[in-house]
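Asker: Those letters in the sequence shown? Residues 1 to 99, per the working numbering, in order.
Ideal Cβ placement from N, Cα and C applies to all residues, glycine included.
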Amino acid sequence: MKVARTRVFDRNFKKLARKNYPVGLVRKCVDAILDRDSETLVKMHDHSLKGKWKGYRAFHPARLEKGRKEYDNWVVVYQIRKKELILVLVDTGDHGTYK
Numbered sequence: 001m002k003v004a005r006t007r008v009f010d011r012n013f014k015k016l017a018r019k020n021y022p023v024g025l026v027r028k029c030v031d032a033i034l035d036r037d038s039e040t041l042v043k044m045h046d047h048s049l050k051g052k053w054k055g056y057r058a059f060h061p062a063r064l065e066k067g068r069k070e071y072d073n074w075v076v077v078y079q080i081r082k083k084e085l086i087l088v089l090v091d092t093g094d095h096g097t098y099k
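#1: With R11 as the anchor, note down where its alpha helix (DSSP H) starts and where it stops.
#2: Judging by CA-CA distance, which residue of K82, L41, V75 is the nearest neighbour of L16?
#3: Within its chain, find whatever has a CB closer than 6 Å to the CB of V8; leave out the 5 residues flanking it on each side and keep chain order.
#4: So is D46 buried or exposed if we call it buried at 16+ other beta carbons inside 10 Å?
#5: Which residue comes first and which comes last in the beta strand (DSSP E) that contains V76?
#6: Pairing CB atoms from the stretch 23-30 with CB atoms from the stretch 48-63, are three or more of them under 8 Å?
#7: Is the Cβ-Cβ distance between V88 and R5 less than 9 Å?
#8: Any chance the CB of E65 is under 8 Å from a heavy atom of the ligand HEM?
#9: Judging by CA-CA distance, which residue of F13, K19, C29 is the nearest neighbour of R57?
Here you go:
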């Protein structure tokens, strides 16, 4: 499966990296999605979204590591386009990202 990123995701990802968020965890989460690692998906609270975001999913990267409560509100929004087998990283930030 190919992984793509939107410009919005790249911009917000860089902002979070400058704020010292543990952005390396996103790679671990993406790997879990690609590998369909159900144990890790549960840990990172991978879930579908509702309303205008129907068809998208979100996960919480900081939940992979203990002691990261300060980043617990951090989410990554993504979509899997099955026809093309592409995982698209749409946006990242706090819960206000998709409300």
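Answerer: Looking at the atomic coordinates:
#1: R11 -> alpha helix (DSSP H) spans 7-18.
#2: V75
#3: D91
#4: Using a 10 angstroms sphere on the CB of D46, the tally of other CB atoms reaches 16 or more, which defines it as buried.
#5: 75-81
#6: yes
#7: yes
#8: Annotation note on the ligand HEM: not contained in the displayed structure, which lists no ligands.
#9: C29
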